[in-house]
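Residue numbers (full-length UniProt numbering): 1 to 310.
Even for Gly, the Cβ is constructed at its ideal location relative to N, Cα and C.
Keep in mind it's a predicted model, so treat the numbers as computed, not measured.
Accompanying notes for the structure given below.
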């Protein structure tokens, strides 16, 4: 290899030489001979100090050959096929019996029979037929949800406003129906009941002593099942007013006479005022006042109607 200086710095540029392996170097100052050895495969360079002979021995490097094959770009597919997704398998566990274990010893001392199988724990029950009971479990869960919704929407007793009881109305309804009640002053009023027949052992002109207790009881029960207005109407319907036949004084207090009756079969039976009051357990004044005021009101309405017609 011949080298020629590029500049005054003294650097040597290598030039390829024939295969003789001898190299001549020239410098500006003097000729220097260097002994060189071929590099090992590790690419490490070993240098030796310059000798006095100023000769350079260069041995050729070992020839290392390698081949590179280039593939044209046109042969490479720009759109490779899509990769398939991996199919993941669920983990399943199987218990295998060893050669030493016996199938009959698993369930204890008794013999194993497929027809007489009883699971040993709750886990066995859940595992057996779990796929068949999924729908049933879902239905039960829906029912539970409905029950929970009902429980959530349910109003407790504390949330509902309690009505205050009106004692006046309670007392009035009890009094009008003939039941026992307590007054404001604390006096207890007993319930209505049939009084004994006042005409027994007496010579009554209407023959009230002949009326049976069953007839009196039926009249009493029917009277107190009616409302307040209907009871007054019933008393008026069972009363007959007539003009007196003979006046004993000039006073107009006694202008009419009244006859009272009770139902007997399809007709009526006339009784005295004391007998009617004892049968219905009402006062004498209540009957007289009701009948007279009702008759006066009926007559007044009748008179007004006649005036309108004329």
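Q | Exposure of residue 208, with buried meaning 16 or more beta-carbon neighbours within 10 Å | A | In the chain shown, residue 208 corresponds to position 208, counting from 1. The residue in question, residue 208, is buried, as its Cβ has 16 or more Cβ neighbours within 10 Å.
Q: Would you mind sorting residue 250 into buried or exposed? The rule is 16 or more other CB atoms within 10 Å of its CB.
A: Along the chain shown, read from residue 1 onward, the residue named residue 250 stands at position 250. Exposed is the call here.
**Q.** Own chain, CB closer than 7 Å to residue 198, minus 5 neighbours either side, in chain order
**A.** Taking the chain shown and counting its residues from 1, one reaches residue 198 at position 198. Only 274, 275, 278 meet the Cβ criterion.
Q: Decide if residue 200 is buried, meaning its Cβ has at least 16 other Cβ atoms within 10 Å, or exposed.
A: Your numbering for residue 200 matches position 200 in the chain shown. Classification for residue 200: exposed.
Q) Taking Cβ positions, are residue 220 and residue 234 nearer each other than 8 Å? A) Translated into positions along the chain shown, residue 220 becomes position 220. Translated into positions along the chain shown, residue 234 becomes position 234. Contact flag unset, no.
Q. If you draw a straight line from the alpha carbon of residue 212 to that of residue 166, how long is it in whole angstroms?
A. The residue given as residue 212 occupies position 212 in the chain shown. The residue given as residue 166 occupies position 166 in the chain shown. Residue 212 and residue 166: Cα-Cα distance of roughly 41 Å.
Q. Less than 8 Å separating the beta-carbons of residue 258 and residue 269?
A. Your numbering for residue 258 matches position 258 in the chain shown. Your numbering for residue 269 matches position 269 in the chain shown. The answer is no: Cβ separation not under 8 Å.
Q. Are there 16 or more other CB atoms within 10 angstroms of the CB of residue 293, so buried, or fewer, so exposed?
A. Residue numbering aside, residue 293 sits at position 293 when the chain shown is read from its first letter. By the 10 Å Cβ count, residue 293 comes out exposed.
Q | CA-to-CA distance, residue 164 to residue 333, given in whole angstroms | A | This structure gives no information on residue 333, because the portion of the chain shown stretches from 1 to 310.
Q. For the alpha helix (DSSP H) that contains residue 263, what are its first and last residues?
A. One-based indexing of the chain shown puts residue 263 at position 263. It is not in any alpha helix (DSSP H) - residue 263 instead sits in the beta strand (DSSP E) that spans 256 to 264.
**Q.** Residues near residue 181 in its chain [Cβ-Cβ closer than 6 Å; skip 5 each side]
**A.** Within the chain shown, residue 181 is the residue found at index 181, counting from 1. For residue 181, where only same-chain residues beyond five positions count, the Cβ hits under 6 Å are 171, 174, 175, 189.
(Q) So, at 8 Å on beta carbons, what are the nonlocal neighbours of residue 183 in its own chain, with the 5 sequence-adjacent residues on each side left out? (A) Position 183 of the chain shown, counted from the first residue, corresponds to residue 183. Only 171, 189 meet the Cβ criterion.
Q | residue 291 versus residue 237: straight-line alpha-carbon distance, rounded | A | Here residue 291 corresponds to residue number 291 of the chain shown, with the count starting at 1. Here residue 237 corresponds to residue number 237 of the chain shown, with the count starting at 1. Spanning the two alpha carbons is a distance of roughly 9 Å.
Q) Going by beta carbon distance, what residues of the same chain come within less than 7 Å of residue 191, once the five residues before and after it are set aside? A) Residue numbering aside, residue 191 sits at position 191 when the chain shown is read from its first letter. Cβ within range, chain order: 178, 179, 180.
(Q) With a threshold of 7 Å on Cβ separation, who are the neighbours of residue 194 within its own chain once the five nearest residues in sequence on each side are excluded? (A) Locating residue 194 in the chain shown gives position 194, counting from the first residue. Same-chain partners within the cutoff: 216, 217, 220, 279, 281.
Q. According to the neighbour-count rule (16 or more other Cβ atoms, all chains shown, within 10 Å of its Cβ), is residue 88 buried or exposed?
A. Position 88 of the chain shown, counted from the first residue, corresponds to residue 88. Exposed: under 16 other Cβ atoms inside 10 Å.
Q: Quickly, what does DSSP pair residue 242 with across the bridge? List them, please.
A: As a position in the chain shown, residue 242 is number 242, starting the count at 1. Answer by DSSP bridge pairing, in chain order: 257.
Q. DSSP three-state call for residue 223: helix, strand or coil?
A. As a working note, residue 223 is residue 223 in the chain shown. Three-state DSSP puts residue 223 in a helix.
Q) Are the Cβ atoms of residue 260 and residue 244 separated by less than 8 Å? A) The sequence position of residue 260 within the chain shown is 260, counting from 1. The sequence position of residue 244 within the chain shown is 244, counting from 1. Taking 8 Å as the Cβ cut-off, residue 260 and residue 244 do not qualify as a contacting pair.
Q. Should residue 187 go down as buried or exposed, given a rule of 16 or more other Cβ atoms within 10 Å for buried?
A. Along the chain shown, one-based indexing puts residue 187 at 187. That one is exposed.
**Q.** Spatially closest choice to residue 285 from 227, 204, 161, 232, by CA coordinates
**A.** Taking the chain shown and counting its residues from 1, the one referred to as residue 285 is at position 285. When each option's Cα is compared against that of residue 285, the closest is 232.
Q: Compute the distance between the beta-carbons of residue 185 and residue 271, then report whether it is under 8 Å.
A: Taking the chain shown and counting its residues from 1, the one referred to as residue 185 is at position 185. Taking the chain shown and counting its residues from 1, the one referred to as residue 271 is at position 271. Not a contact, by the Cβ cut-off of 8 Å.
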